[in-house]
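Undergrad:
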Amino acid sequence: VKDIQKKSAKKRAVKSPSGGKVVKGKVHTIRWTGSKASAKDKVRIDVYRSGQHCQTIAKSTPNDGSHKWKVPHDIATGGQYEIKISGGSSVSGKKFKITGKAKKGLRLLLPNGGERWLPGKAQTIKWKKGKAGKKIKQVRIDLYKNGCRYKTIARKGLNDGSHKLKVSARWLPGKDYQVRVQSTKKNVVYDLSNKPFSIAKAGPKDTKKDTKTTKKDTTTTKKDTTTTWTGTTDTGTTDTATDTGTTDTAT
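Counting from 246, one number per residue, gives the positions in the sequence shown under our numbering.
(1) Would you grab the beta carbon distance between I330 and W277 for me? Rounded to a whole angstrom, and I think it's under 8 Å.
(2) Any chance the stretch 412 to 419 sits against the stretch 430 to 447, with 3 or more Cβ pairs inside 8 Å?
(3) Grab me the residues of W362's own chain with a C-beta within less than 8 Å of its C-beta, minus the 5 sequence neighbours each way, in chain order.
(4) Whether or not the stretch 310 to 327 and the stretch 262 to 276 are in contact is what I'm after, with contact meaning three or more pairs of Cβ atoms, one per stretch, closer than 8 Å; do they touch?
(5) Return the bridge partner residues of R257 from the DSSP annotation.
(6) Distance, Cα to Cα, G406 vs T322?
(7) Buried or exposed: which applies to G350, given that a residue is buried once 16 or more other Cβ atoms fall within 10 Å of its Cβ?
(8) Quick one: what does DSSP say A367 is sitting in, helix, strand or coil?
(9) Taking just the CA atoms, how far does V336 sit from R257?
(10) If you scan the stretch 295 to 362 from start to end, which runs of the beta strand (DSSP E) of 3 or more residues do you find wholly inside it?
(11) Would you mind working out which of V316, G333, T301, K431 sits nearest S280, comparing C-alpha positions?
(12) Relative to the C-alpha of W314, which candidate in Y293, G270, C393 has its C-alpha closest?
(13) With 16 other CB atoms within 10 Å as the buried threshold, where does L380 fall?
(14) Using the rule of at least 16 other Cβ atoms within 10 Å of the residue's Cβ for burial, across every protein chain shown, is H273 buried or exposed?
(15) Taking a contact to mean a Cβ-Cβ separation below 7 Å, would you say V426 touches I398 in this structure?
(16) Am I right that L410 and Q383 are in contact with their C-beta atoms under 8 Å? What's the rounded C-beta distance?
(17) Within 10 angstroms of its Cβ, does G296 collect 16 or more other Cβ (buried), or is it exposed?
(18) Can you tell me whether K396 is buried or exposed, with buried defined as 16 or more other CB within 10 angstroms of its CB?
(19) Since R385 is in the beta strand (DSSP E), which residue starts that stretch and which ends it?
(20) Taking a contact to mean a Cβ-Cβ separation below 7 Å, would you say W372 touches L388 in this structure?
(21) Terminal residues of the continuous beta strand (DSSP E) containing W416?
(22) Just how far apart, CA to CA, sit V288 and K339?
(23) Exposed or buried, what is D309 when buried is set at 16 or more other beta-carbons lying within 10 Å of its beta-carbon?
(24) Consult DSSP for K446 and reduce its assignment to one of helix, strand or coil.
(25) Helix, strand or coil for G378 per DSSP?
(26) Which partner residues does G402 have in the DSSP bridge list?
(27) Which residues in the same chain as I290 place their Cβ atom closer than 7 Å to its Cβ, once the five residues preceding and following it in sequence are excluded?
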(Lines of atoms letter the chains of each structure in order from A; the text may use other names.)
(Lines give C-alpha, C1' and ligand atoms only; values in the text may rest on other atoms or scores of the structure.)
Protein backbone atom coordinates (compact mmCIF):
# COMPACT_ATOMS: atom_id res chain seq x y z
CA VAL A 246 0.00 0.00 0.00
CA LYS A 247 2.87 2.37 0.83
CA ASP A 248 4.35 1.93 -2.63
CA ILE A 249 1.00 2.77 -4.22
CA GLN A 250 0.67 5.87 -2.01
CA LYS A 251 4.13 7.08 -2.99
CA LYS A 252 3.37 6.56 -6.67
CA SER A 253 0.07 8.44 -6.34
CA ALA A 254 1.69 11.26 -4.35
CA LYS A 255 4.19 11.91 -7.13
CA LYS A 256 1.32 12.49 -9.56
CA ARG A 257 -0.61 14.80 -7.22
CA ALA A 258 -1.33 18.24 -8.61
CA VAL A 259 -3.81 20.99 -7.72
CA LYS A 260 -6.20 21.47 -10.63
CA SER A 261 -8.57 24.08 -9.12
CA PRO A 262 -8.29 26.81 -8.10
CA SER A 263 -5.14 27.13 -10.13
CA GLY A 264 -5.11 30.63 -11.55
CA GLY A 265 -8.28 32.68 -12.09
CA LYS A 266 -10.39 33.85 -9.15
CA VAL A 267 -12.81 32.74 -6.44
CA VAL A 268 -15.53 34.83 -4.78
CA LYS A 269 -16.12 35.36 -1.06
CA GLY A 270 -19.25 33.68 0.26
CA LYS A 271 -19.42 31.30 -2.70
CA VAL A 272 -18.69 27.58 -2.62
CA HIS A 273 -15.72 26.57 -4.74
CA THR A 274 -14.69 22.96 -5.34
CA ILE A 275 -10.99 22.37 -4.80
CA ARG A 276 -9.79 19.62 -7.14
CA TRP A 277 -6.54 17.69 -7.34
CA THR A 278 -5.10 14.65 -9.09
CA GLY A 279 -3.30 11.63 -7.61
CA SER A 280 -6.23 10.79 -5.37
CA LYS A 281 -6.88 7.05 -5.46
CA ALA A 282 -4.01 5.55 -3.52
CA SER A 283 -6.16 4.23 -0.67
CA ALA A 284 -9.64 4.70 0.77
CA LYS A 285 -7.98 5.59 4.09
CA ASP A 286 -5.61 8.12 2.55
CA LYS A 287 -6.05 11.63 3.99
CA VAL A 288 -4.78 15.07 2.99
CA ARG A 289 -4.61 18.50 4.59
CA ILE A 290 -5.67 21.62 2.66
CA ASP A 291 -4.39 25.12 3.43
CA VAL A 292 -4.49 28.59 1.90
CA TYR A 293 -1.22 30.51 1.52
CA ARG A 294 -0.53 34.03 0.36
CA SER A 295 2.92 35.02 -0.87
CA GLY A 296 4.37 32.07 1.03
CA GLN A 297 2.60 32.94 4.30
CA HIS A 298 0.06 30.56 5.82
CA CYS A 299 -3.37 32.20 5.85
CA GLN A 300 -6.02 29.66 6.81
CA THR A 301 -6.58 25.94 7.16
CA ILE A 302 -9.44 24.71 5.01
CA ALA A 303 -9.33 21.08 6.15
CA LYS A 304 -6.98 19.47 8.67
CA SER A 305 -7.84 15.98 7.46
CA THR A 306 -10.10 15.12 4.53
CA PRO A 307 -10.32 12.04 2.27
CA ASN A 308 -7.86 12.03 -0.60
CA ASP A 309 -10.69 11.65 -3.10
CA GLY A 310 -9.72 14.44 -5.47
CA SER A 311 -12.21 17.12 -4.42
CA HIS A 312 -13.27 19.22 -1.42
CA LYS A 313 -15.94 21.91 -1.26
CA TRP A 314 -14.65 25.21 0.13
CA LYS A 315 -16.88 28.09 1.07
CA VAL A 316 -14.61 31.10 0.59
CA PRO A 317 -14.78 33.00 3.93
CA HIS A 318 -15.51 36.69 4.25
CA ASP A 319 -12.66 37.25 6.70
CA ILE A 320 -9.94 36.72 4.13
CA ALA A 321 -8.70 39.81 2.27
CA THR A 322 -9.42 40.38 -1.40
CA GLY A 323 -6.47 40.39 -3.79
CA GLY A 324 -4.04 38.09 -5.53
CA GLN A 325 -1.05 35.89 -4.73
CA TYR A 326 -3.14 33.18 -3.05
CA GLU A 327 -2.47 29.48 -3.57
CA ILE A 328 -3.90 26.18 -2.33
CA LYS A 329 -1.49 23.75 -0.72
CA ILE A 330 -2.39 20.08 -0.35
CA SER A 331 -0.18 17.98 1.90
CA GLY A 332 -0.10 14.38 3.07
CA GLY A 333 2.66 12.07 1.90
CA SER A 334 3.89 14.94 -0.26
CA SER A 335 2.97 18.61 -0.61
CA VAL A 336 1.88 20.39 -3.78
CA SER A 337 0.65 23.92 -4.46
CA GLY A 338 -1.48 25.21 -7.29
CA LYS A 339 -1.01 28.31 -9.40
CA LYS A 340 -1.69 31.65 -7.73
CA PHE A 341 -5.27 32.92 -7.86
CA LYS A 342 -7.31 35.95 -6.77
CA ILE A 343 -10.03 36.32 -4.14
CA THR A 344 -12.77 38.83 -4.91
CA GLY A 345 -15.90 40.03 -3.14
CA LYS A 346 -17.46 43.04 -1.45
CA ALA A 347 -18.64 43.75 2.08
CA LYS A 348 -22.13 44.94 2.94
CA LYS A 349 -22.42 48.51 4.14
CA GLY A 350 -22.70 49.25 7.85
CA LEU A 351 -19.16 49.90 9.13
CA ARG A 352 -16.46 52.18 7.75
CA LEU A 353 -12.93 52.09 9.15
CA LEU A 354 -11.34 55.52 9.62
CA LEU A 355 -8.05 54.78 11.41
CA PRO A 356 -5.66 53.22 10.60
CA ASN A 357 -6.51 53.50 6.93
CA GLY A 358 -3.09 53.39 5.28
CA GLY A 359 0.30 55.04 5.68
CA GLU A 360 0.34 55.20 9.48
CA ARG A 361 3.33 54.02 11.53
CA TRP A 362 2.71 52.30 14.84
CA LEU A 363 5.49 52.24 17.44
CA PRO A 364 5.86 49.34 19.89
CA GLY A 365 4.78 50.21 23.42
CA LYS A 366 2.76 53.22 22.30
CA ALA A 367 -1.01 53.65 22.57
CA GLN A 368 -3.11 53.75 19.40
CA THR A 369 -6.80 54.28 18.75
CA ILE A 370 -8.70 52.38 16.09
CA LYS A 371 -11.64 54.43 14.80
CA TRP A 372 -14.61 53.58 12.64
CA LYS A 373 -17.95 55.04 11.63
CA LYS A 374 -21.37 53.42 11.78
CA GLY A 375 -23.65 53.76 8.78
CA LYS A 376 -27.44 53.45 8.95
CA ALA A 377 -27.24 49.66 8.89
CA GLY A 378 -24.38 49.74 11.41
CA LYS A 379 -26.48 51.38 14.11
CA LYS A 380 -28.14 48.04 14.80
CA ILE A 381 -24.79 46.37 15.42
CA LYS A 382 -24.07 46.11 19.14
CA GLN A 383 -20.68 44.41 19.09
CA VAL A 384 -17.73 44.26 16.70
CA ARG A 385 -14.71 42.06 16.25
CA ILE A 386 -11.40 43.78 15.54
CA ASP A 387 -8.47 41.95 13.96
CA LEU A 388 -4.96 42.88 12.89
CA TYR A 389 -4.07 41.58 9.42
CA LYS A 390 -0.62 41.05 7.95
CA ASN A 391 -0.24 40.51 4.21
CA GLY A 392 -4.02 40.02 3.95
CA CYS A 393 -4.12 37.24 6.55
CA ARG A 394 -5.35 37.43 10.14
CA TYR A 395 -2.36 37.96 12.41
CA LYS A 396 -3.78 38.92 15.82
CA THR A 397 -7.23 39.38 17.30
CA ILE A 398 -7.44 42.73 19.07
CA ALA A 399 -11.02 42.39 20.34
CA ARG A 400 -13.50 39.54 19.92
CA LYS A 401 -16.55 41.34 21.26
CA GLY A 402 -15.91 45.07 21.50
CA LEU A 403 -18.62 47.70 21.81
CA ASN A 404 -19.68 49.27 18.54
CA ASP A 405 -18.97 52.77 19.86
CA GLY A 406 -16.66 53.91 17.06
CA SER A 407 -13.28 53.58 18.78
CA HIS A 408 -11.01 51.09 20.51
CA LYS A 409 -7.74 51.83 22.29
CA LEU A 410 -4.82 49.43 22.38
CA LYS A 411 -1.14 49.29 23.18
CA VAL A 412 1.12 48.14 20.34
CA SER A 413 2.87 44.98 21.47
CA ALA A 414 6.64 44.73 21.13
CA ARG A 415 6.14 41.06 20.22
CA TRP A 416 4.39 41.91 16.97
CA LEU A 417 6.59 41.45 13.94
CA PRO A 418 7.78 44.65 12.27
CA GLY A 419 6.45 45.19 8.76
CA LYS A 420 4.80 47.46 6.23
CA ASP A 421 1.93 45.15 5.25
CA TYR A 422 -0.52 45.59 8.15
CA GLN A 423 -4.24 46.37 8.03
CA VAL A 424 -7.04 46.49 10.60
CA ARG A 425 -10.41 44.84 10.05
CA VAL A 426 -13.57 45.69 12.00
CA GLN A 427 -16.65 43.52 11.51
CA SER A 428 -20.04 42.74 13.00
CA THR A 429 -19.95 39.79 15.41
CA LYS A 430 -23.31 38.65 14.04
CA LYS A 431 -22.92 39.11 10.27
CA ASN A 432 -19.46 38.45 8.89
CA VAL A 433 -20.29 40.10 5.57
CA VAL A 434 -20.61 43.49 7.34
CA TYR A 435 -17.04 44.72 7.76
CA ASP A 436 -14.39 47.15 6.61
CA LEU A 437 -10.64 46.83 6.16
CA SER A 438 -7.93 49.48 6.02
CA ASN A 439 -7.85 50.85 2.47
CA LYS A 440 -4.07 50.60 2.32
CA PRO A 441 -1.37 48.98 4.48
CA PHE A 442 0.30 50.71 7.42
CA SER A 443 3.52 49.83 9.22
CA ILE A 444 4.62 48.63 12.64
CA ALA A 445 8.16 49.56 13.61
CA LYS A 446 10.76 47.19 15.01
CA ALA A 447 10.81 47.00 18.80
CA GLY A 448 13.93 48.00 20.69
CA PRO A 449 15.40 46.11 23.71
CA LYS A 450 13.59 48.41 26.18
CA ASP A 451 10.25 47.91 24.42
CA THR A 452 10.64 44.13 24.52
CA LYS A 453 11.54 44.15 28.21
CA LYS A 454 8.48 46.25 29.08
CA ASP A 455 6.24 44.05 26.96
CA THR A 456 7.25 40.84 28.74
CA LYS A 457 5.94 42.27 31.99
CA THR A 458 2.43 42.59 30.56
CA THR A 459 2.10 39.13 29.03
CA LYS A 460 -0.16 37.97 31.86
CA LYS A 461 -2.76 40.47 30.64
CA ASP A 462 -2.96 38.68 27.31
CA THR A 463 -5.55 35.94 26.89
CA THR A 464 -4.49 32.99 24.76
CA THR A 465 -6.69 31.77 21.94
CA THR A 466 -8.99 28.86 22.69
CA LYS A 467 -8.49 25.42 21.21
CA LYS A 468 -11.42 26.11 18.91
CA ASP A 469 -9.73 29.20 17.51
CA THR A 470 -6.52 27.39 16.66
CA THR A 471 -8.03 24.28 15.11
CA THR A 472 -11.04 25.50 13.20
CA THR A 473 -11.59 23.62 9.95
CA TRP A 474 -13.51 25.14 7.06
CA THR A 475 -16.07 22.71 5.76
CA GLY A 476 -17.65 25.05 3.23
CA THR A 477 -21.05 23.37 3.37
CA THR A 478 -23.52 25.90 4.73
CA ASP A 479 -23.81 29.64 5.18
CA THR A 480 -25.27 30.50 8.56
CA GLY A 481 -24.59 34.20 8.32
CA THR A 482 -22.64 34.12 11.57
CA THR A 483 -19.08 35.14 12.21
CA ASP A 484 -16.38 33.38 10.21
CA THR A 485 -13.64 31.86 12.32
CA ALA A 486 -10.21 30.92 11.14
CA THR A 487 -6.88 29.71 12.39
CA ASP A 488 -5.26 32.46 14.41
CA THR A 489 -1.49 32.66 14.30
CA GLY A 490 -0.96 33.87 17.83
CA THR A 491 -2.58 35.14 21.00
CA THR A 492 -5.43 37.53 21.56
CA ASP A 493 -4.01 40.85 22.71
CA THR A 494 -6.16 42.97 24.94
CA ALA A 495 -5.95 46.72 25.37
CA THR A 496 -3.95 47.91 28.36
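Where a beta carbon is used, it is the ideal one built from N, C-alpha and C, also for glycine.
TA: This is what the structure gives:
(1) Looking up residue 330 in the sequence shown gives position 85. Looking up residue 277 in the sequence shown gives position 32. Indeed, because the Cβ distance is near 5 Å, the residues count as touching under 8 Å.
(2) Look at the beta carbons and you see the stretch 412 to 419 touching the stretch 430 to 447: at least three pairs across the two are nearer than 8 Å.
(3) Position 117 of the sequence shown holds residue 362. In the same chain as W362, and ignoring 5 residues on each side of it, the C-beta atoms closer than 8 Å to its own belong to P356, Q368, V412, Y422, F442, S443, I444, A445, in chain order.
(4) Segments in contact, yes.
(5) The residue given as residue 257 occupies position 12 in the sequence shown. According to DSSP, which records beta bridges pairwise, R257 is partnered with nothing at all.
(6) Taking the first residue of the sequence shown as position 1, residue 406 is located at position 161. Taking the first residue of the sequence shown as position 1, residue 322 is located at position 77. Distance between G406 and T322, taken at the CA atoms: about 24 Å.
(7) Position 105 of the sequence shown holds residue 350. Flag for G350 reads buried.
(8) Here residue 367 corresponds to residue number 122 of the sequence shown, with the count starting at 1. A367: strand per DSSP, three-state reduction.
(9) What you label residue 257 is simply residue 12 of the sequence shown in a count that begins at 1. What you label residue 336 is simply residue 91 of the sequence shown in a count that begins at 1. So the alpha carbons of these two residues sit roughly 7 Å apart.
(10) As far as the stretch 295 to 362 is concerned, its whole beta strand (DSSP E) runs of at least 3 residues are 297 to 307, 311 to 315, 323 to 331, 341 to 344, 351 to 355.
(11) Working through the sequence shown from its first residue, we reach residue 280 at position 35. Of V316, G333, T301, K431, the smallest CA-CA separation from S280 is found for G333.
(12) Counting from 1 along the sequence shown, the entry for residue 314 is found at position 69. Checking every option, the nearest Cα to that of W314 belongs to G270.
(13) On the sequence shown, residue 380 is found 135 positions in, with the first residue counted as 1. The sequence given here places Lys at residue 380; Leu does not occur at that position. Counting Cβ neighbours within 10 Å, K380 comes out exposed, since fewer than 16 surround it.
(14) Taking the first residue of the sequence shown as 1, we reach residue 273 at position 28. A residue is called buried when at least 16 other Cβ atoms come within 10 angstroms of its Cβ; H273 meets this threshold and is buried.
(15) Walking along the sequence shown from the start, residue 426 turns up at place 181. Walking along the sequence shown from the start, residue 398 turns up at place 153. Not a contact, by the Cβ cut-off of 7 Å.
(16) In the sequence shown, counting from the first residue as 1, residue 410 sits at position 165. In the sequence shown, counting from the first residue as 1, residue 383 sits at position 138. That pair is no contact at about 17 Å.
(17) Along the sequence shown, one-based indexing puts residue 296 at 51. Using a 10 angstroms sphere on the CB of G296, the tally of other CB atoms stays under 16, which defines it as exposed.
(18) Here residue 396 refers to the residue found at position 151 when the sequence shown is read from its first residue. Using a 10 angstroms sphere on the CB of K396, the tally of other CB atoms reaches 16 or more, which defines it as buried.
(19) Numbered from its first residue, the sequence shown carries residue 385 at position 140. Annotation for R385: the continuous beta strand (DSSP E) segment containing it runs 383 to 390.
(20) Residue 372 sits at position 127 when you count from the first residue of the sequence shown. Residue 388 sits at position 143 when you count from the first residue of the sequence shown. Against a cut-off of 7 Å, the Cβ pair of L388 and W372 comes out as no contact.
(21) Here the question's residue 416 lines up with position 171 in the sequence shown. Neither: W416 is in no beta strand (DSSP E) and is coded neither H nor E.
(22) Working through the sequence shown from its first residue, we reach residue 288 at position 43. Working through the sequence shown from its first residue, we reach residue 339 at position 94. For V288 and K339, the distance between alpha carbons rounds to 19 Å.
(23) Residue numbering aside, residue 309 sits at position 64 when the sequence shown is read from its first letter. Its Cβ having fewer than 16 others within 10 Å, D309 is exposed.
(24) Within the sequence shown, residue 446 is the residue found at index 201, counting from 1. In the structure shown, the three-state DSSP call for K446 is coil.
(25) Indexing the sequence shown from 1 puts residue 378 at position 133. DSSP places G378 in helix when its eight states are reduced to three.
(26) Looking up residue 402 in the sequence shown gives position 157. V384, per the DSSP bridge assignment.
(27) Translated into positions along the sequence shown, residue 290 becomes position 45. Setting aside the 5 residues that flank it on each side, I290 is surrounded in the same chain by I275, I302, A303, T306, H312, I328, I330, each with a C-beta closer than 7 Å to its C-beta; the list follows chain order.
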